[in-house]
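> Here it is, the structure in full.
There are 4 protein chains.
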Amino acid sequence: MEDIQSTKAKHPLAIDKVGIKDFHIPLVVRDLANEKQHSIAKVDMSVDLPADFKGTHMSRFIEALEEWRENSEEKLDYASLKNLLEQVRNKLNAQKAYLSFNFPYFITKKAPVSHAAAPVSYQCRFTGEWDKTWDKPAFLIEIEVPVTTVCPCSKAISKYGAHGQRTYIKMHIKLSKFSWIEEFVHIAEQAGSAPIYAVLKRPDEKFVTEQAYENAYFVEDVVRTVAYQLDKHEHVEWYTVIVESCESIHGHNAFAMIEKK
Amino acid sequence: MEDIQSTKAKHPLAIDKVGIKDFHIPLVVRDLANEKQHSIAKVDMSVDLPADFKGTHMSRFIEALEEWRENSEEKLDYASLKNLLEQVRNKLNAQKAYLSFNFPYFITKKAPVSHAAAPVSYQCRFTGEWDKTWDKPAFLIEIEVPVTTVCPCSKAISKYGAHGQRTYIKMHIKLSKFSWIEEFVHIAEQAGSAPIYAVLKRPDEKFVTEQAYENAYFVEDVVRTVAYQLDKHEHVEWYTVIVESCESIHGHNAFAMIEKK
Amino acid sequence: MEDIQSTKAKHPLAIDKVGIKDFHIPLVVRDLANEKQHSIAKVDMSVDLPADFKGTHMSRFIEALEEWRENSEEKLDYASLKNLLEQVRNKLNAQKAYLSFNFPYFITKKAPVSHAAAPVSYQCRFTGEWDKTWDKPAFLIEIEVPVTTVCPCSKAISKYGAHGQRTYIKMHIKLSKFSWIEEFVHIAEQAGSAPIYAVLKRPDEKFVTEQAYENAYFVEDVVRTVAYQLDKHEHVEWYTVIVESCESIHGHNAFAMIEKK
Amino acid sequence: MEDIQSTKAKHPLAIDKVGIKDFHIPLVVRDLANEKQHSIAKVDMSVDLPADFKGTHMSRFIEALEEWRENSEEKLDYASLKNLLEQVRNKLNAQKAYLSFNFPYFITKKAPVSHAAAPVSYQCRFTGEWDKTWDKPAFLIEIEVPVTTVCPCSKAISKYGAHGQRTYIKMHIKLSKFSWIEEFVHIAEQAGSAPIYAVLKRPDEKFVTEQAYENAYFVEDVVRTVAYQLDKHEHVEWYTVIVESCESIHGHNAFAMIEKK
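Protein chains in written order, with our numbering: chain A, 1 to 261; chain B, 1 to 261; chain C, 1 to 261; chain D, 1 to 261.
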């Protein structure tokens with residue numbers, strides 16, 4: 001059967017990334033509290049393509065992924081993603097491989113007073129990139145953490161009350177060494193006016209309401225606190241933090257962003 | 001050229017709706033304050049198909065819509081939608097036509113103290129259905145109105161503050177007679193703890209913060225107030241109201257729904 | 001602490017549904033091939049609320065769900081959903097409970113020639129509703145199945161080729177008795193021009209290309225074939241089938257819908 | 001009234017961007033065929049914030065935008081965006097302003113044989129950034145163009161037919177001088193197997209089916225052709241092109257990306 005992919009390209013330009021997007025798989029993720037957890041990931045996989053080849057062989061991405069998943073030792077972490085990057089590079093005869101796993105990660109959280117426990121979901125994205133000429137892969141982790149924020153301006157100028165809302169803290173972090181998702185969730189939750197929880201009984205609701213009112217913060221405050229903590233974290237080489245609040249007094253959102261130079 | 005659509009169906013079953021979905025067009029909508037406003041709609045158009053025809057002629061939907069749009073007198077309202085329903089039914093040789101326009105509608109709102117003005121967007125959907133055997137078309141209007149809600153439980157049990165959030169009120173309304181979108185937006189905004197605005201200066205922010213705190217409502221309160229007002233509205237034959245609040249203390253939402261029996 | 005929820009409502013109207021939406025949890029689903037599979041669900045939970053109570057107790061939904069999840073015997077199926085409906089009704093002192101689980105379900109599919117295996121994801125929604133006055137709950141299952149369709153008109157009138165596209169078949173089914181998701185996926189995949197697969201080697205690609213060209217179908221053909229098969233299925237009491245094709249020659253979609261009368 | 005925003009920050013870190021997101025407005029866009037067209041934009045607006053200020057004054061973004069919109073001469077193009085960048089920078093006492101308008105842009109397209117005309121929607125994003133130390137703003141335009149692609153491998157190995165699908169070409173372009181959206185839509189549509197249209201009669205459908213079959217291209221071919229044409233365009237300083245095809249034989253997508261070095 002003819003191998004059209006291996007014929008000449010009409011416009012011989014090198015392609016930075018070619019591959020598959022939005023492929024869904026069940027997978028096992030390394031977890032601090034329970035060693036592992038089951039999740040479901042949306043996967044992007046790609047390689048570079050030199051100027052002189054017309055096409056890549058897309059089915060090999062899925063094959064590499066399936067071989068990796070079948071290896072029962074593999075749960076998603078740095079070591080296993082490194083293996084997969086190497087396998088993809090080899091299987092696709094590529095110089096460079098790029099992988100991205102977008103998945104919800106669950107942490108069981110206890111309410112602050114009643115200690116009622118239930119899982120909270122944090123959307124994560126774990127990305128690896130590896131060029132043959134590099135010693136080791138580059139890893140990026142993205143974590144989105146919902147928190148409450150209460151507006152300090154509204155609090156200062158109003159007789160009572162203060163507008164609050166759900167706010168999302170998105171961290172994109174380049175790590176020099178393995179760190180737990182839980183560490184960054186903690187940093188983000190401490191930076192908001194109060195953390196969010198899945199289950200809150202009345203004494204808990206009183207607690208978080210008062211905590212949030214006492215710790216009224218702008219998106220500007222939150223983004224700075226997270227950046228300050230990430231600057232202090234030993235394994236963080238680079239980051240971007242975006243804080244976006246679903247303003248309860250507007251139909252649009254407010255946001256703030258700091259990128260480490 | 002062969003007309004495959006007019007051949008026999010393998011399984012001769014009547015089809016309730018066949019047509020096009022998510023077709024985008026610019027259009028003009030009838031507007032209370034300025035007579036008309038420019039918007040952009042996502043349009044669904046369909047007809048029934050008897051058991052003995054294999055297919056419908058999809059291009060005729062677009063043709064009917066374009067003829068209707070080119071008629072410079074036409075802005076989206078009851079009368080013009082009625083015309084279009086009739087044209088679609090005729091052009092497609094159908095018993096029944098179904099049309100749906102999903103579009104943002106802008107209302108310029110003034111801040112409560114400073115009177116600073118800016119537009120707020122309300123997502124609307126205007127649906128018409130007309131069977132040949134019916135005297136007149138059935139019309140349904142859907143309007144989504146963002147408001148602020150403050151939690152009365154949180155307010156009652158806490159020393160200070162009360163959690164608040166952005167809340168969406170979605171009304172699906174069957175009307176016996178033309179009514180303005182503005183009437184239902186007003187009903188919804190009065191039912192929340194406070195309306196939302198596009199621009200709020202500091203005195204405005206103080207005003208809405210205190211207003212929301214004074215009028216703390218559950219989603220249950222809001223859905224009942226809207227239902228109560230729609231029950232009293234002379235042109236409303238039937239409705240469903242859904243109120244969904246983006247809880248600021250949780251990662252999930254709370255909702256309440258009333259459907260008129 | 002004051003129980004605001006139990007006070008009187010200002011507008012004493014009965015609420016059809018009040019509860020939580022978009023709560024994410026990991027869960028185990030009953031699976032034909034492997035007995036069980038891990039998935040992640042977006043959960044909606046609600047109850048009715050009589051006219052004379054101001055509010056429901058939202059935290060009890062999560063508590064009921066967590067107790068159900070902790071019971072290690074529970075995987076999502078008819079029997080376990082029935083248990084949960086009863087627990088929710090009791091815990092919330094309600095007349096009626098309503099639950100909905102929206103989750104991806106994976107089936108390992110083998111390519112038609114090479115037999116290369118990889119998982120395909122089908123978005124499912126499993127809904128249960130139970131009023132105290134009913135003998136047993138009402139269950140609804142929704143399944144979305146992507147297939148290929150090739151246009152029979154394009155094939156008939158063109159010298160060569162025929163436009164094709166990804167098409168989604170959405171079935172909403174009321175069952176009188178337990179049936180496997182796999183049965184309905186099979187019905188849908190047989191109704192398209194060809195099934196889709198996660199991995200296809202070249203001989204597989206030749207196979208499905210020719211299969212799809214030989215079985216060119218309109219959305220009208222596909223919706224009728226699925227309806228015809230569901231009419232014959234012993235456990236299907238009621239259904240709606242919607243077929244929506246992402247037309248490759250247009251920016252909009254084509255769709256067809258049949259609802260069992 | 002206290003100006004909390006002007007107090008000291010706890011963690012005095014400079015903020016790269018602070019502002020508003022997803023604010024919807026109606027606006028007028030400069031148009032090649034008709035001089036101007038009405039559209040609706042989702043607007044992001046931000047400025048930098050020095051380390052020593054706690055917060056920015058968010059309401060001023062909306063005020064600046066409303067003043068700009070009220071100026072009846074203003075339609076969205078390079079000159080007017082330049083004005084708005086300057087106004088935002090001044091009004092917010094900022095060093096740098098950043099604006100982004102995300103809007104659908106309609107081009108009336110005629111079917112290739114029947115010449116039946118109807119609008120096609122292209123999602124665009126127009127971004128401007130201006131630091132006080134720069135001579136002039138930096139502008140970026142993003143345009144998404146749907147096309148048909150037919151797979152050359154499937155065509156080569158199959159007895160008849162070839163799988164095709166809707167494919168999206170996304171261009172991010174930095175321009176040195178004004179160019180029309182229409183120029184880039186044209187480049188993208190020429191690079192696919194065939195353009196898409198809103199309305200196609202049977203002779204048109206035959207035409208595009210045969211055209212697409214004759215011009216079978218991989219995403220790799222398409223991304224290279226677009227990159228090749230952008231390399232030749234005099235006003236293009238930099239670009240990224242992403243081509244993503246909604247594979248009709250898979251549930252996932254294929255993609256390719258070239259970034260100008």
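Ideal placement from N, C-alpha and C gives every residue a C-beta, glycine not left out.
Is the Cβ of residue 257(C) closer than 8 Å to any Cβ of chain B?
Taking the third sequence and counting its residues from 1, the one referred to as residue 257(C) is at position 257. Chain B, which has a Cβ nearer than 8 Å to the Cβ of residue 257(C), makes this yes.
> Just checking: is the beta-carbon of residue 40(D) within a distance shorter than 8 Å of some beta-carbon in chain B?
Working through the fourth sequence from its first residue, we reach residue 40(D) at position 40. Yes - at least one Cβ of chain B is within 8 Å of the one on residue 40(D).
> Determine the burial state of residue 133(B): buried for a count of at least 16 other Cβ atoms within 10 Å of its Cβ, exposed for fewer.
By 1-based counting over the second sequence, the position of residue 133(B) is 133. With fewer than 16 Cβ atoms within 10 Å of its Cβ, residue 133(B) is classed as exposed.
> If we ignore side chains and look at the alpha-carbon of each, how far apart do residue 160(C) and residue 207(D) end up?
By one-based count along the third sequence, residue 160(C) stands at place 160. By one-based count along the fourth sequence, residue 207(D) stands at place 207. Spanning the two alpha carbons is a distance of roughly 11 Å.
> Could you tell me the distance, in whole angstroms, from the CA atom of residue 232(D) to the CA atom of residue 50(A)?
Residue 232(D) sits at position 232 when you count from the first residue of the fourth sequence. Residue 50(A) sits at position 50 when you count from the first residue of the first sequence. Computed Cα separation, rounded: 21 Å.
> Going by the beta-carbon positions, is the gap between residue 173(A) and residue 230(A) smaller than 8 Å?
By 1-based counting over the first sequence, the position of residue 173(A) is 173. By 1-based counting over the first sequence, the position of residue 230(A) is 230. Cβ atoms of residue 173(A) and residue 230(A): closer than 8 Å.
> Can you pull the DSSP bridge partners for residue 104(C)?
Numbered from its first residue, the third sequence carries residue 104(C) at position 104. BP columns for residue 104(C) point to 123(C).
> Please report the residue range of the alpha helix (DSSP H) in which residue 68(D) lies.
The residue given as residue 68(D) occupies position 68 in the fourth sequence. Counting along the chain, the alpha helix (DSSP H) containing residue 68(D) begins and ends at 59-70.
> Sort out for me which residues DSSP pairs residue 197(C) with in a bridge.
Start at 1 with the first residue of the third sequence, and residue 197(C) comes out as number 197. Note: residue 197(C) sits in no beta bridge, so no partner.
> Does the Cβ-Cβ distance between residue 97(B) and residue 201(B) come in under 8 Å?
Numbered from 1 along the second sequence, position 97 holds the residue referred to as residue 97(B). Numbered from 1 along the second sequence, position 201 holds the residue referred to as residue 201(B). No, the pair does not count as a contact, with Cβ atoms beyond the cut-off.
> Opposite residue 131(B) in the DSSP bridges: which residues?
Counted from its first residue, the second sequence places residue 131(B) at position 131. Paired residue(s): 96(B).
> Could you tell me whether the Cβ of residue 205(A) comes closer than 8 Å to any Cβ of chain B?
The sequence position of residue 205(A) within the first sequence is 205, counting from 1. Chain B, which has a Cβ nearer than 8 Å to the Cβ of residue 205(A), makes this yes.
> Note down, in chain order, each residue of its chain lying with its Cβ closer than 7 Å to the Cβ of residue 85(A), except the 5 sequence neighbours on either side.
Start at 1 with the first residue of the first sequence, and residue 85(A) comes out as number 85. The answer, listed in chain order, is 97, 99, 128, 130, 137.
> Hey, out of 26(C), 139(C), 54(C), 33(C), whose CA is closest to residue 238(C)'s CA?
The count along the third sequence starts at 1 and reaches residue 238(C) at position 238. Answer by Cα proximity: 139(C).
> Name the chain C residues that come within less than 7 Å of residue 115(A), Cβ to Cβ?
As a position in the first sequence, residue 115(A) is number 115, starting the count at 1. Result: empty, since nearest Cβ-Cβ is about 13 Å, beyond 7 Å.
> Determine, using beta-carbon pairs with one atom in the segment 163-183 of chain D and one in the segment 234-253 of chain D, whether at least three such pairs fall under 8 Å.
Touching, yes, given that three or more Cβ pairs across the two stretches are closer than 8 Å.
> Any idea what DSSP makes of residue 213(A), helix, strand or coil?
By one-based count along the first sequence, residue 213(A) stands at place 213. Helix.
> Residues bridged to residue 164(B) by DSSP?
Position 164 of the second sequence, counted from the start, is the residue given in the question as residue 164(B). Answer is 150(B), bridged to residue 164(B).
> Answer yes if the segment 209-220 of chain B comes into contact with the segment 12-26 of chain B, meaning at least three C-beta pairs across the two stretches below 8 Å, and no otherwise.
No, they do not touch.
> Report back the beta-carbon spacing between residue 54(C) and residue 5(C) to the nearest angstrom; my notes put them in contact at under 8 Å.
Numbered from its first residue, the third sequence carries residue 54(C) at position 54. Numbered from its first residue, the third sequence carries residue 5(C) at position 5. That pair is a contact at about 6 Å.
> Mind pulling the beta strand (DSSP E) runs of 3 or more residues that sit fully within the segment 6-67 of chain A?
15-31, 35-49, all fully within the segment 6-67 of chain A.
> Taking a Cβ distance cut-off of 7 Å, strictly less, list which residues of the segment 164-198 of chain B are near chain C, in chain order.
Hits within the stretch: zero.
> Inspect the beta-carbon positions of residue 33(D) and residue 101(D) and report whether they are closer than 8 Å.
The residue given as residue 33(D) occupies position 33 in the fourth sequence. The residue given as residue 101(D) occupies position 101 in the fourth sequence. The answer is no: Cβ separation not under 8 Å.
> Should residue 108(B) be labelled buried (16 or more other beta-carbon atoms within 10 Å of its own) or exposed?
Within the second sequence, the letter at position 108 stands for residue 108(B). Residue 108(B) should be labelled exposed.
> Using the beta-carbon of each residue, which ones in chain C are nearer than 9 Å to residue 54(A)?
Here the question's residue 54(A) lines up with position 54 in the first sequence. Simply none; closest approach about 15 Å.
> Considering only residues of the same chain and omitting the five flanking positions on each side of residue 31(D), which have a CB-CB separation below 6 Å?
Working through the fourth sequence from its first residue, we reach residue 31(D) at position 31. Here the set comprises 37.
> Can you give me the start and stop residues for the alpha helix (DSSP H) that residue 219(C) sits inside?
Looking up residue 219(C) in the third sequence gives position 219. Element bounds for residue 219(C): 219-232.
> Can the beta-carbon of residue 254(D) be found closer than 8 Å to that of residue 213(D)?
Here residue 254(D) refers to the residue found at position 254 when the fourth sequence is read from its first residue. Here residue 213(D) refers to the residue found at position 213 when the fourth sequence is read from its first residue. No. Outside cutoff.
> Got a sec: is the Cβ-Cβ distance from residue 128(A) to anything in chain D below 8 Å?
Taking the first sequence and counting its residues from 1, one reaches residue 128(A) at position 128. It does not; no Cβ of chain D falls within 8 Å.
> Is the CB of residue 26(A) under 8 Å away from at least one CB in chain D?
Here the question's residue 26(A) lines up with position 26 in the first sequence. So no, residue 26(A) is outside the interface.
> For a contact defined as C-beta to C-beta under 8 Å, what are the partners of residue 253(B) on chain C?
Counting from 1 along the second sequence, the entry for residue 253(B) is found at position 253. Those within 8 Å of residue 253(B) in chain C are 20, 21, 22.
> Starting from the Cα of residue 259(D), find the closest Cα among 228(D), 59(D), 247(D), 251(D) and give me that residue.
Mapped onto the fourth sequence, residue 259(D) falls at position 259. Ranking the options by Cα distance to residue 259(D), first place goes to 228(D).
> Measure the alpha-carbon distance for residue 88(D) versus residue 65(D) and round it to whole angstroms.
As a position in the fourth sequence, residue 88(D) is number 88, starting the count at 1. As a position in the fourth sequence, residue 65(D) is number 65, starting the count at 1. So the alpha carbons of these two residues sit roughly 8 Å apart.
> Just how far apart, CA to CA, sit residue 215(A) and residue 93(D)?
Residue mapping note: residue 215(A) aligns to position 215 of the first sequence, counting from 1. Residue mapping note: residue 93(D) aligns to position 93 of the fourth sequence, counting from 1. Looking at the two C-alpha atoms, the distance is approximately 28 Å.
> Would a C-beta distance cut-off of 8 Å place residue 226(B) and residue 169(B) closer than the cut-off?
The residue given as residue 226(B) occupies position 226 in the second sequence. The residue given as residue 169(B) occupies position 169 in the second sequence. Yes, the Cβ-Cβ distance between residue 226(B) and residue 169(B) is below 8 Å.
> Can you give me the Cβ contacts of residue 165(D) inside the same chain, cut-off strictly under 7 Å, excluding the 5 residues immediately before and after it?
For this step, residue 165(D) is matched to residue 165 along the fourth sequence. So the qualifying residues of the chain are 149, 245, 246, 247, 248.
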